[in-house]
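Engineer:
Number of protein chains: 2
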Amino acid sequence: MDADAKKTALRMIPYGIYVLTSEGKDGKVAASTVNWVTQTAFQPPLVVVGVKADSGAHAIIKDSKVFALNILGKDQKGQAFTFFKPLEREGNTIGGEPFRKGSLGAPILEKAPAYVECQLIDTIEKGDHSIFVGEVVDAGVSKEPEGRADDATLWLKELGDKVFYGG
Amino acid sequence: MDADAKKTALRMIPYGIYVLTSEGKDGKVAASTVNWVTQTAFQPPLVVVGVKADSGAHAIIKDSKVFALNILGKDQKGQAFTFFKPLEREGNTIGGEPFRKGSLGAPILEKAPAYVECQLIDTIEKGDHSIFVGEVVDAGVSKEPEGRADDATLWLKELGDKVFYGG
Chain A
-15 MDADAKKTAL
-5 RMIPYGIYVL
5 TSEGKDGKVA
15 ASTVNWVTQT
25 AFQPPLVVVG
35 VKADSGAHAI
45 IKDSKVFALN
55 ILGKDQKGQA
65 FTFFKPLERE
75 GNTIGGEPFR
85 KGSLGAPILE
95 KAPAYVECQL
105 IDTIEKGDHS
115 IFVGEVVDAG
125 VSKEPEGRAD
135 DATLWLKELG
145 DKVFYGG
Chain B
-15 MDADAKKTAL
-5 RMIPYGIYVL
5 TSEGKDGKVA
15 ASTVNWVTQT
25 AFQPPLVVVG
35 VKADSGAHAI
45 IKDSKVFALN
55 ILGKDQKGQA
65 FTFFKPLERE
75 GNTIGGEPFR
85 KGSLGAPILE
95 KAPAYVECQL
105 IDTIEKGDHS
115 IFVGEVVDAG
125 VSKEPEGRAD
135 DATLWLKELG
145 DKVFYGG
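Taken in order, these protein sequences are the chains called A and B.
So the first sequence is numbered by our numbering: it starts at -15 and just counts up by one.
So the second sequence is numbered by our numbering: it starts at -15 and just counts up by one.
Next up, the structure:
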């Protein structure tokens, strides 16, 4: 396989930007910027997330079996960069962002325009990142998109001309 | 769960457009437009595709254990619409599009700017669409993107203001 072709082809996949959150049974909270996300079924509504195997979010989600995908809005570049690095909760904030508990217990970032909260129903652990399959059991929209919904989302490409996570 | 919130939140996930192809042991070929695609690991390079459980592509990929994701370019809206419906191969074309056999045997569309060819390494069949996990074992780029790689890809939103597959 031509490594350059593989890299280019995989980087042609466009992505949005999300903050993946979970709270462990011990009250630890993970909040991590991710982009490897897709829906995979309508009924039941399923989503897949690729999660770094050695990350805090990975460990906490395996413990809690619950996660939220907080969908970042166009004006939330700062939040995307904030959650590139692991942070500890401070009360009901993390990285300066207030959160509340969702109906399953996952942290919902108050300032994200929308979120889905998921029950972890399956995992495939075969690479440097694991595949977490979530069934969407709750969702919220605090800022209704004007125009197309996907145009309201912060896109990976908007983080910078040279910013990629893929390839 | 608020059904409208779920729909809006899931439609905030942006997507590219791909033609998923596979050839069965009997020589049958499937080519199907899909958008539920994400990379999920670097090492090994894994991708996930959500595939309609009752589709021809689903049956053929389960048989062949191999698929290609042909990444459509900005000027390939016509191809995206062509492969919304199931078609039969005619020689080494399908839907008027010439293809060749990739190194694993999956049909590679000659006019797509890039592709990845994958070995099916896992499946999760739990909804109206199944999760197919592919390890990328070959890739090709016939038209090098100018600028960002993801800007060269045809996006779901470019198929029409009202076109969504998700929610």
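Each residue gets a CB set at the ideal place from its N, CA and C atoms; glycine is no exception.
Chain B beta carbons: is any one of them nearer than 8 Å to that of A/Gly86?
Structural biologist: Interface criterion not met: the Cβ of A/Gly86 is under 8 Å from no Cβ in chain B.
Engineer: Less than 8 Å between CB atoms is the rule here; does B/Lys(-10) satisfy it with respect to chain A?
Structural biologist: yes
Engineer: Among the candidates B/Ser126, B/Ala96, B/Asp112 and B/Lys49, whose CA atom is the shortest distance from the CA of B/Lys61?
Structural biologist: B/Ala96
Engineer: Can you check DSSP and say which residues form a bridge with B/Lys85?
Structural biologist: B/Pro91
Engineer: Go through its chain and collect everything with a Cβ distance to B/Lys(-10)'s Cβ below 8 Å, but skip five positions before and after it.
Structural biologist: Gly151
Engineer: Between the alpha carbons of B/Asn54 and B/Glu109, how many angstroms are there, rounded?
Structural biologist: 23 Å
Engineer: For A/Thr22, I'd like the list of residues in its chain whose CB is within less than 8 Å of its CB, leaving aside the five on either flank, ordered along the chain.
Structural biologist: Val31 and Val32
Engineer: Roughly how many angstroms separate the alpha carbons of A/Ile45 and A/Glu94, rounded to a whole number?
Structural biologist: 20 Å
Engineer: Whole angstroms are fine: how far does the CA of B/Ser48 sit from the CA of B/Asp10?
Structural biologist: 10 Å
Engineer: I want to see whether chain B comes within less than 8 Å of A/Val32, judged by CB atoms only; does it?
Structural biologist: yes
Engineer: Given that a residue counts as buried once 16 or more other Cβ atoms are within 10 Å of its Cβ, and exposed if not, what is A/Glu72?
Structural biologist: exposed
Engineer: What are the complete beta strand (DSSP E) segments, minimum 3 residues, inside the segment 13 to 41 of chain A?
Structural biologist: 13 to 18, 21 to 25 and 30 to 36
Engineer: I want to know whether the segment 141 to 149 of chain A touches the segment 112 to 125 of chain B - three or more CB-CB distances under 8 Å.
Structural biologist: no
Engineer: How would you write the range of the alpha helix (DSSP H) that B/Asp(-12) sits in, first residue to last?
Structural biologist: From DSSP, the alpha helix (DSSP H) with B/Asp(-12) extends over Ala(-13) to Arg(-5).
Engineer: Can you look up A/Asp134 in the DSSP assignment and give me helix, strand or coil?
Structural biologist: helix
Engineer: Shorter than 8 Å from the beta carbon of A/Leu104 to some beta carbon of chain B?
Structural biologist: At a cut-off of 8 Å between beta-carbon atoms, A/Leu104 makes no contact with chain B.
Engineer: Which one of A/Glu7, A/Asp(-14), A/Pro29 and A/Ser6 has the shortest CA to CA distance from B/Tyr149?
Structural biologist: A/Pro29
Engineer: Are A/Thr5 and A/Phe51 touching if we call contact CB-CB under 8 Å?
Structural biologist: yes
Engineer: So which residues on chain B does A/Ile115 lean against when the C-beta distance must stay under 7 Å?
Structural biologist: Thr24, Val32 and Val117
Engineer: Rounded to the nearest angstrom, how far is the Cβ of A/Gly152 from that of A/Asn19, given a contact under 8 Å?
Structural biologist: Look at the range of chain A in this structure, -15 to 151, and you will see that residue 152 of chain A is not part of it.
Engineer: What's the gap between the Cα of A/Asp112 and the Cα of B/Asp59?
Structural biologist: 35 Å
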